[in-house]
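Enquirer:
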Amino acid sequence: MSTRRKFIASTAAGLAGLAVPSYGLAATSSPVTAVGQPLVISTWDTGLAANLGAWKVLRPGGRALDAVEAGVMVTEASQNCCVGLGGNPDRDGIVTLDACIMDEKFNCGSVAALERIKHPISVARRVMERTPHVMLVGEGAQQFAVAQGFPLEPQQLSADAAKAYKEWLKTSQYKPIINVENTGSKKAVGPVGGANNHDTIAMLAQDAQGNLSGSCTTSGMGFKMRGRLGDSPLIGSGLFVDNAVGAAAATGQGEDVIRIAGAHTVVELMRQGLAPKAACKAAIERIAKIKGAQARDIQVCFIAISAKGEHGAYALQKGFSYAVCDAKNQQQLVQSDFLLA
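For the sequence shown, our numbering begins at 1498 and goes up steadily by one.
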């Protein structure tokens, strides 16, 4: 995790060169960005570096779809617990990657249980653009990636992941810990099976033409059962975009996002007239009702952008933040409101 913190610090230093001079921690969500001015939001503090990658596309007038691919590629290429080949493995010691992407025209692509490919988000886009399918998984996804020119990376764990896996094997206990995505979390390093167990970077963007797109990529929950999939590669759960209404994405415990088709639910609530933050809150309340007392053992969070350029988020538990970069040239980390005190 120390590598991850250094990565964010070094990339944040480059903001001035992209005319993103200010950075701060906002208390809560909901500014509005006028349509026709670009906006990008993404989950967790890793989103600061990812937004910088997306802004390189959005600032000169580029397409939101290109931005959400470029942005999360920054995170995929970094060494961290939760995204990309440097992430923690499954319980068999193998890193498997999931990703999806969706544009303003309901085109979408996804890969799941993909091994040895550095940028699953780019493979997901190729699935969207060069096949008649939405999702490819496992060996078939890898074969497609290689056929498309993506190199196979070595089948080996990063130093941090190898250390975490060795510790996990001492007990083989599977117990996700909430908010471990925060790079400054004291729980992000340490023994046995709880730490570094998830999760995701999800990104939503609106370009200067007013079009929306989204992406989501993850190495999934660390030490998961072989073959486990969460919400991240599932269109409608981890990500959904309706250009006439808005876009939403999820992070946290994927099984519980899937239960309510979370991202789609948030967009449908916006269709009914709720602002992004209110729609995210209503979806979180549904999950809390389903989980009952067990809700305190998990974290689920949603981010959303409306077609009007509003953005917002809401979390089940305290500790979730999301990164925002908008046409006012402001880069900030927004602390989300939450349900459970």
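Heads up, the beta-carbon is just placed ideally off N, CA and C, and yes, glycines get one too.
Judging by CA-CA distance, which residue of 1618, 1627, 1571 and 1635 is the nearest neighbour of residue 1611?
Expert: Numbered from its first residue, the sequence shown carries residue 1611 at position 114. Answer by Cα proximity: 1635.
Enquirer: Could you give the C-beta distance for residue 1551 and residue 1702, rounded to a whole number, given that I count them as a contact under 8 Å?
Expert: What you label residue 1551 is simply residue 54 of the sequence shown in a count that begins at 1. What you label residue 1702 is simply residue 205 of the sequence shown in a count that begins at 1. So it is a contact: roughly 6 Å between Cβ atoms.
Enquirer: What's the call for residue 1693, buried or exposed, on a 16-neighbour Cβ count within 10 Å?
Expert: Position 196 of the sequence shown, counting from 1, holds the residue named residue 1693. At residue 1693 the pLDDT is 38, less than 50, meaning the model places this residue with poor confidence; the figure from the coordinates comes in the next sentence. By the 10 Å Cβ count, residue 1693 comes out buried.
Enquirer: Using the rule of at least 16 other Cβ atoms within 10 Å of the residue's Cβ for burial, across every protein chain shown, is residue 1697 buried or exposed?
Expert: Within the sequence shown, numbered from 1, the residue matching residue 1697 stands at position 200. So residue 1697 ends up on the buried side.
Enquirer: Name the DSSP beta bridge partners of residue 1595, please?
Expert: Here the question's residue 1595 lines up with position 98 in the sequence shown. Beta-bridge pairing links residue 1595 to 1715.
Enquirer: Which word fits residue 1793, buried or exposed, when buried means at least 16 other C-beta atoms lie within 10 angstroms of its C-beta?
Expert: On the sequence shown, residue 1793 is found 296 positions in, with the first residue counted as 1. With fewer than 16 Cβ atoms within 10 Å of its Cβ, residue 1793 is classed as exposed.
Enquirer: Note down, one range per segment and in chain order, each beta strand (DSSP E) of at least 3 residues found wholly within the stretch 1721–1770.
Expert: The stretch 1721–1770 contains these whole beta strand (DSSP E) runs: 1736–1739 and 1743–1749.
Enquirer: Kindly indicate which three-state DSSP category residue 1572 falls into: helix, strand or coil?
Expert: For this step, residue 1572 is matched to residue 75 along the sequence shown. Helix.
Enquirer: Please state whether DSSP places residue 1637 in a helix, a strand or coil.
Expert: What you label residue 1637 is simply residue 140 of the sequence shown in a count that begins at 1. Helix, per DSSP.
Enquirer: Is residue 1522 buried or exposed, if buried means 16 or more other CB atoms sit within 10 Å of its CB?
Expert: Position 25 of the sequence shown, counted from the start, is the residue given in the question as residue 1522. Since pLDDT at residue 1522 reaches only 44, below the 50 mark, its modelled position is unreliable, and no value is offered.
Enquirer: What are the residues that DSSP puts in a beta bridge with residue 1611?
Expert: As a position in the sequence shown, residue 1611 is number 114, starting the count at 1. Residue 1611 pairs with 1594.
Enquirer: Quick one: using the 10 Å Cβ neighbour count with 16 as the cut-off for buried, is residue 1720 buried or exposed?
Expert: Translated into the one-based positions of the sequence shown, residue 1720 becomes position 223. It counts as buried.
Enquirer: Among 1579, 1599, 1624 and 1732, which residue has its Cα nearest to the Cα of residue 1708?
Expert: For this step, residue 1708 is matched to residue 211 along the sequence shown. Here the closest residue by C-alpha is 1599.
Enquirer: Check the C-beta distance from residue 1566 over to residue 1740 and give it rounded, since I have them as a contact under 8 Å.
Expert: For the purposes of this step, residue 1566 is identified with residue 69 of the sequence shown, where counting begins at 1. For the purposes of this step, residue 1740 is identified with residue 243 of the sequence shown, where counting begins at 1. Wrong, their Cβ atoms sit about 17 Å apart, outside the cutoff.
Enquirer: How would you call residue 1628, buried or exposed, if buried means at least 16 neighbouring beta carbons within 10 angstroms?
Expert: Locating residue 1628 in the sequence shown gives position 131, counting from the first residue. Exposed is the call here.
Enquirer: Consult DSSP for residue 1601 and reduce its assignment to one of helix, strand or coil.
Expert: Taking the sequence shown and counting its residues from 1, one reaches residue 1601 at position 104. In this structure, residue 1601 counts as coil in the three-state DSSP scheme.
Enquirer: Express the C-alpha separation of residue 1568 and residue 1592 in angstroms, rounding to a whole number.
Expert: To locate residue 1592, count along the sequence shown from 1; it is residue 95. To locate residue 1568, count along the sequence shown from 1; it is residue 71. Spanning the two alpha carbons is a distance of roughly 21 Å.
Enquirer: So, are the CB atoms of residue 1758 and residue 1734 less than 8 Å apart?
Expert: Locating residue 1758 in the sequence shown gives position 261, counting from the first residue. Locating residue 1734 in the sequence shown gives position 237, counting from the first residue. Yes.
Enquirer: If I follow the unbroken alpha helix (DSSP H) through residue 1546, where does it start and stop?
Expert: As a first step, residue 1546 is located in the sequence shown; it is residue number 49 there, counting from the start. From DSSP, the alpha helix (DSSP H) with residue 1546 extends over 1544–1555.
Enquirer: So which of 1536, 1809, 1738 and 1821 has the shortest CA-CA distance to residue 1765?
Expert: By one-based count along the sequence shown, residue 1765 stands at place 268. Measuring from the Cα of residue 1765, the nearest candidate turns out to be 1738.
Enquirer: Between which two residues does the beta strand (DSSP E) holding residue 1822 run?
Expert: Translated into the one-based positions of the sequence shown, residue 1822 becomes position 325. It spans 1818–1823 - the beta strand (DSSP E) in which residue 1822 sits, taken as one unbroken run.
Enquirer: Suppose the cutoff is 7 Å on Cβ atoms and the five residues either side in sequence are ignored; what does the same chain contact list for residue 1622 look like?
Expert: One-based indexing of the sequence shown puts residue 1622 at position 125. Contacts found: 1566, 1598 and 1606.
Enquirer: Between the C-alpha atoms of residue 1832 and residue 1580, what's the straight-line distance to the nearest angstrom?
Expert: Locating residue 1832 in the sequence shown gives position 335, where the first residue counts as 1. Locating residue 1580 in the sequence shown gives position 83, where the first residue counts as 1. Their Cα atoms are separated by approximately 21 Å.
Enquirer: Please identify the residue among 1830, 1784, 1823 and 1802 whose C-alpha is closest to the C-alpha of residue 1812.
Expert: Residue numbering aside, residue 1812 sits at position 315 when the sequence shown is read from its first letter. It is 1784.
Enquirer: For residue 1799, does the count of other Cβ atoms within 10 angstroms reach 16, so buried, or fall short, so exposed?
Expert: Position 302 of the sequence shown holds residue 1799. So residue 1799 counts as buried.
Enquirer: If you run the structure through DSSP and keep just helix, strand and coil, what is residue 1797?
Expert: Counting from one through the sequence shown, the residue named residue 1797 turns up at place 300. Reduced to three states, the DSSP call for residue 1797 is strand.
Enquirer: Which first and last residues belong to the alpha helix (DSSP H) in which residue 1790 is found?
Expert: By 1-based counting over the sequence shown, the position of residue 1790 is 293. Element bounds for residue 1790: n/a, residue is neither H nor E.
Enquirer: Please report the Cβ distance between residue 1604 and residue 1625, rounded to the nearest whole angstrom; I am assuming they are in contact, meaning their Cβ atoms lie under 8 Å.
Expert: Here residue 1604 refers to the residue found at position 107 when the sequence shown is read from its first residue. Here residue 1625 refers to the residue found at position 128 when the sequence shown is read from its first residue. So it is a contact: roughly 5 Å between Cβ atoms.
Enquirer: In the DSSP assignment, find the unbroken alpha helix (DSSP H) run with residue 1838 in it and report its ends.
Expert: The sequence position of residue 1838 within the sequence shown is 341, counting from 1. From DSSP, residue 1838 is part of no alpha helix (DSSP H); its letter is neither H nor E.
Enquirer: Residues bridged to residue 1710 by DSSP?
Expert: Walking along the sequence shown from the start, residue 1710 turns up at place 213. Its beta-bridge partners are 1702.
Enquirer: Sorted by chain position, which residues of the same chain lie with C-beta nearer than 6 Å to residue 1817's C-beta, five sequence neighbours on each side aside?
Expert: Here residue 1817 corresponds to residue number 320 of the sequence shown, with the count starting at 1. Excluding positions up to five away in sequence, the list reads 1798 and 1833.
Enquirer: Going by DSSP, what residues sit across from residue 1625 in a beta bridge?
Expert: Taking the first residue of the sequence shown as 1, we reach residue 1625 at position 128. For residue 1625, which the question treats as bridged, DSSP gives no partner whatsoever.
Enquirer: Please work out which residues of its chain come closer than 6 Å, Cβ to Cβ, to residue 1761, disregarding the five sequence neighbours upstream and downstream, and give them in chain order.
Expert: As a working mapping, residue 1761 is identified with position 264 in the sequence shown. Correct list, in chain order: 1733 and 1737.
Enquirer: Who are the near neighbours of residue 1808 in its chain, counting only those whose CB is closer than 6 Å to its CB and skipping five residues on each side?
Expert: Along the sequence shown, one-based indexing puts residue 1808 at 311. Counting only Cβ-Cβ distances below 6 Å, and skipping sequence neighbours, we find 1538, 1773 and 1802.
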